[in-house]
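Protein chains in written order, with this note's numbering: chain Z, 563 to 868; chain P, 563 to 868; chain Y, 6 to 233; chain E, 6 to 233. Every residue, glycine too, gets a C-beta built ideally from N, C-alpha and C.
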Ligand SMILES: Nc1ncnc2c1ncn2[C@@H]1O[C@H](COP(=O)(O)OP(=O)(O)OP(=O)(O)O)[C@@H](O)[C@H]1O
Ligand SMILES: Nc1ncnc2c1ncn2[C@@H]1O[C@H](COP(=O)(O)OP(=O)(O)OP(=O)(O)O)[C@@H](O)[C@H]1O
Ligand SMILES: [Mg+2]
Ligand SMILES: [Mg+2]
């Protein structure tokens with residue numbers, strides 16, 4: 563008989579082992595109905611807020627990026643500058659590091675904008691003699707955080723009389739967008755960590771409930787891996803089923819919320835469902851599986867004498 | 563002996579019952595070390611995001627309220643209005659429903675403000691002949707959502723030439739603040755619901771792991787309440803211990819975050835720790851206890867034949 | 006005290022464990038229930054303490070039909086009897102003492118009476134010195150004796166014992182059976198399911214023999230085997 | 006095959022379960038281990054299948070010192086023996102068949118051999134027709150026999166049986182003991198801890214008697230009691 567055993571190919575042994583572990587895991591899943599149900603629901607509802615936080619963080623990132631795009635440096639030009647000089651200046655500014663785009667705004671255009679801002683009630687043209695506004699260059703930035711250095715650099719250029727970038731407003735905007743981004747990531751991490759602990763503990767509880775079986779298996783001569791593998795596969799299975807269920811809530815939930823948000827806050831930029839959901843669901847699934855498996859492994863250590 | 567039993571006062575019986583249940587619960591908590599630890603950690607980490615969401619929602623409410631305070635209706639007055647007329651108008655506007663405060667802004671003051679907004683580069687006074695700006699009343703609102711009706715009402719008043727309230731900006735602001743508030747509450751509710759399910763399931767798992775004991779107790783003649791009460795008290799105990807641990811993280815966490823936020827975004831209004839934390843911790847504690855208890859009750863139904 | 010009339014028990018998986026069993030026991034009687042393994046002895050006892058319900062027929066205990074007993078009344082029924090389970094059924098997280106005391110707690114015995122009576126029951130089965138041991142810290146026979154102590158501690162009018170000496174040496178078995186006899190002489194009705202030929206043959210009490218779910222013998226002053 | 010030298014076992018709670026026990030068994034021997042309840046029989050067996058470690062002294066099995074066996078080698082040790090546990094230790098969520106098959110799966114028996122051999126073992130203990138029952142669906146004696154089938158199915162060179170007939174009627178007990186004898190005759194070393202006076206007295210094998218953790222008798226062709 564030992565000969566016969568040795569004759570089996572390594573592949574055969576591996577597939578037999580997998581078949582064993584898979585069969586056992588499935589059987590446990592079935593025969594342990596109550597426990598499996600409780601574990602799967604727990605893992606599933608744990609994944610919901612994690613998914614929500616990831617979706618939120620993605621949207622916050624998009625929104626803050628678009629908000630920050632609006633930060634610009636305005637260079638007011640010396641009076642009576644010639645079109646050639648203006649083009650040269652424009653090119654000089656565009657060549658600066660951190661500058662994304664430069665747009666010339668003539669003083670007339672600036673006056674029109676001011677009039678628009680004041681509304682129809684007040685007619686500036688009626689009361690002013692000459693246009694007091696200067697020509698200006700509107701400098702869009704690669705990175706809003708570089709507003710100050712870019713402004714300083716622009717100020718050095720001959721022909722630029724003054725530079726403005728709403729220092730305080732930009733600082734506040736950056737502080738808030740920074741906070742939102744960090745908040746999104748922190749929420750994701752916190753919820754991820756919480757999910758990790760909860761899933762581990764849940765699996766630990768299911769295994770504690772079955773420590774007697776583990777003890778018996780070892781008494782009958784099962785090697786640690788033989789005891790472990792079905793539990794690990796069961797953890798993976800629980801993680802997968804839970805993720806699938808969570809996806810069934812997250813996907814339509816996000817699509818619905820998106821549609822609703824487009825109604826209520828149509829002006830807010832939001833992440834399209836296809837850009838977010840596939841990655842989200844796949845990573846939740848992988849995460850769920852991994853956590854389920856390592857949760858089993860960790861919990862088993864306690865009961866396996868290796 | 564039956565006589566002797568009947569002689570005990572109802573209070574004695576109750577206190578004996580409580581002593582029994584309490585003793586059993588404590589013993590189970592101790593002798594069930596692993597399970598209790600897993601359950602308590604799970605409940606604790608579940609409460610963390612719930613607490614976080616509640617704190618976030620409270621802060622969002624404060625911020626949005628303060629943001630919305632800035633919504634105002636501006637009534638531009640007819641040219642050359644007399645101070646008496648102006649006071650009458652002011653009183654009339656103040657009497658309108660939904661108006662919180664009315665402030666008169668003279669045309670000169672308005673010009674100063676415009677000059678300030680344009681900065682030092684441009685000197686309006688040098689170029690204008692007469693002040694083109696009208697006198698105005700700035701109307702603060704009780705509820706920013708009433709900007710439109712208040713504006714309409716103000717428009718009807720004789721002496722008011724035009725009314726402005728930045729309709730689009732207000733709409734957007736309200737949409738965003740509404741979203742933030744709903745988002746905060748929704749996050750709180752979602753996490754609360756998730757916590758509910760997780761805690762229930764966790765307690766269910768601990769009870770499934772002990773179903774054999776429940777069966778034996780019943781075989782020996784224990785009434786359902788006799789079986790139930792220690793488990794319920796144990797659930798309460800787990801909820802309480804978990805809340806206490808969660809409070810040990812939430813309280814310093816919030817205070818630290820607050821201090822940090824005051825550094826980074828000093829301009830944002832935030833809820834002071836003493837205004838939030840006591841209520842938060844107490845309600846988490848009550849919630850934890852209640853959920854722990856009812857989780858036990860629910861889980862036990864399965865194993866008690868009543 | 007006990008009356009089974011045409012009782013049939015078919016388990017959900019189709020197995021017929023008891024087939025038209027009729028048998029009754031007067032108050033104060035002592036009966037050995039014997040029969041080969043799988044004959045239905047434990048099943049019969051399970052019907053008496055209502056861990057299971059007869060598929061057909063009528064079961065009464067103490068003049069009370071328990072065939073359709075509402076769940077509400079099960080605790081009272083079970084408190085009115087003591088049961089020694091074949092697999093002991095000790096509470097795993099309670100000490101020997103606590104396991105015995107538990108049977109009195111559930112009947113609402115005044116707390117001050119519990120300790121002396123529980124300790125006395127442990128004394129009787131010879132385990133007073135192991136009162137603080139948890140079940141897994143006890144040998145098989147010790148666990149069995151704790152289970153016996155728990156069944157007798159509240160002095161129930163009816164005692165059901167399922168294989169109470171399976172893990173005991175002949176001498177201790179004999180002591181336990183003497184104990185059951187004494188309890189019986191004090192008026193308790195005792196039904197013992199057993200495989201222990203020696204004690205059945207020495208005690209010569211009424212013997213009811215089951216085989217494949219049917220009563221095949223019901224003999225006063227019987228021996229383990231009818232023609233041994 | 007088995008050798009204990011000056012073995013003492015003190016449980017963590019201070020209880021002295023074995024006190025300087027020395028005793029050995031040659032390959033192919035059949036020994037009854039007897040002694041009153043709590044004498045230390047199960048403890049001695051637990052040391053042999055390494056569920057516990059001796060406090061002092063040396064334990065060897067098959068010429069191998071297992072006193073300080075690294076955990077890694079425990080599975081191999083346990084696969085080299087069959088154990089009938091006093092409390093059966095069946096896997097509660099596996100059927101009778103699966104419980105028996107499990108003992109072969111862990112030894113890496115080719116899958117195609119498992120089914121016929123497991124069914125044959127069930128046949129031998131008379132339970133082939135209950136192969137699909139879960140442990141709680143079996144009577145006490147039936148569970149015990151499943152435990153026996155599991156211990157013998159992989160034809161181990163050493164068989165340890167702790168009270169293997171405690172829940173069996175005399176006739177079935179006798180059949181089981183005959184089975185153990187047959188297995189012994191085929192070369193297996195058999196150590197049976199038992200309280201069953203009848204089978205010890207009929208079989209007249211070597212008897213080792215423990216009392217309070219000490220070997221008080223070691224007699225070839227012994228009886229249950231030395232002067233009965
Ligand atoms: N829950 C159950 N489901 C299905 N069959 C069962 C169940 N419990 C017992 N049986 C079967 O019913 C028959 C009678 O079982 P019972 O436990 O009453 O036997 P017993 O006389 O007590 O045997 P033993 O002496 O071995 O304890 C056995 O064949 C057993 O397998
Ligand atoms: N885990 C343990 N911790 C402490 N004491 C124990 C433990 N296991 C057994 N004992 C004690 O050690 C002594 C010997 O126990 P053991 O189980 O070996 O007896 P035994 O001879 O098998 O008895 P039985 O015939 O009743 O099964 C007993 O007094 C028992 O209470
Ligand atoms: Mg039975
Ligand atoms: Mg023993």
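When DSSP states are grouped into helix, strand and coil, residue 591(P) belongs to the helix group. Counting of Cβ neighbours within 10 angstroms places residue 226(Y) among the exposed residues, the total staying below 16.
Closest by C-alpha distance to residue 25(E), out of 224(E), 219(E), 145(E), is 219(E). Look at residue 158(Y): its C-beta is not under 8 Å from any C-beta on chain P. Closest option to residue 743(Z), judged by alpha-carbon separation, among 602(Z), 593(Z), 618(Z): 618(Z). Residue pairing by DSSP places residue 744(Z) in no beta bridge whatsoever. Take residue 681(Z), set aside five residues on each side of it, and no residue of its chain has a beta-carbon closer than 7 Å to its own.
Residue contact with chain P for residue 771(Z): present (Cβ-Cβ distance below 8 Å to some residue of chain P). Spatial neighbours of residue 807(P) in its own chain (CB-CB distance under 6 Å, excluding positions within 5 residues in sequence) are listed in chain order as 606. Straight through space, the alpha carbons of residue 604(Z) and residue 752(P) are spaced by roughly 14 Å.
Residue 145(Y) has its CB no nearer than 7 Å to any heavy atom of ligand 3. The beta carbon of residue 743(Z) does not come within 8 Å of any beta carbon belonging to chain E, so the residue lies off that interface. Taking residue 146(Y) as the centre and dropping the five residues before and after it, the same chain places the C-beta of 172, 173 closer than 6 Å to its C-beta, in chain order.
Along the stretch 757-781 of chain P, going in chain order, the ones with a CB nearer than 8 Å to a CB of chain Z are 759, 760, 763, 764, 766, 767, 768, 770, 771. The alpha-carbon separation between residue 104(E) and residue 69(Y) amounts to approximately 42 Å.
Of the candidates 47(Y), 209(Y), 52(Y), 38(Y), the residue whose Cα lies closest to the Cα of residue 10(Y) is 52(Y). Taking the C-beta atoms as reference points, residue 661(Z) is found no nearer than 8 Å to residue 709(Z). Listed along chain E is no residue with a C-beta nearer than 8 Å to that of residue 598(Z); the closest approach is about 12 Å. Three or more beta-carbon pairs drawn from the stretch 576-594 of chain Z and the stretch 791-810 of chain Z are found closer than 8 Å, and the two stretches are therefore classed as touching. Relative to residue 39(Y), the option among 55(Y), 201(Y), 86(Y), 122(Y) whose CA is nearest is 201(Y).
Beyond the five residues adjoining it in sequence on each side, residue 626(Z) comes within less than 6 Å, by CB distance, of 739, 742, 743 in the same chain, given in chain order. Listed by position along chain P, the residues whose Cβ is nearer than 9 Å to that of residue 72(Y) form an empty set, because the closest Cβ is around 16 Å away. What residue 176(E) touches in chain Y, judged by beta-carbon distance under 8 Å, is 41, going in chain order. Sequence-distant partners of residue 109(E) (beyond 5 residues in either direction) whose C-beta falls short of 7 Å from its own C-beta, in its chain, are 119, 122, 123, 158, 159. Taking the Cβ atoms as the reference, residue 163(E) lies roughly 7 Å from residue 85(E), within the contact range of under 8 Å. Leaving aside the five residues that flank residue 647(Z) on each side, the residues in its chain whose CB is nearer than 7 Å to its CB run, in chain order, 721. Using a CB distance cut-off of 8 Å, residue 60(Y) does not count as an interface residue toward chain E. Annotation for residue 621(P): 832, 833 place their beta carbon closer than 6 Å to its own, counting only its chain and skipping 5 residues before and after. Under the three-state reduction of DSSP, residue 866(Z) is assigned to coil, being neither helix nor strand.
In this structure, DSSP gives residue 211(Y) an extended state, which the three-state scheme calls strand.
Secondary structure note for residue 727(P): it is in no beta strand (DSSP E), with a DSSP letter that is neither H nor E.
Interface with chain E (8 Å Cβ-Cβ cutoff): residue 147(Y) is included. At the C-beta level, residue 156(Y) and residue 102(Y) stay beyond 8 Å of one another. From the listed residues 579(P), 812(P), 784(P), 801(P), the smallest Cα separation to residue 116(Y) is found for 579(P).
Residue 656(Z) and residue 645(Z) have their alpha carbons spaced roughly 16 Å apart. Proximity of chain Y to residue 224(E) at the Cβ level (cut-off 9 Å) is not reached, the minimal Cβ distance being about 17 Å.
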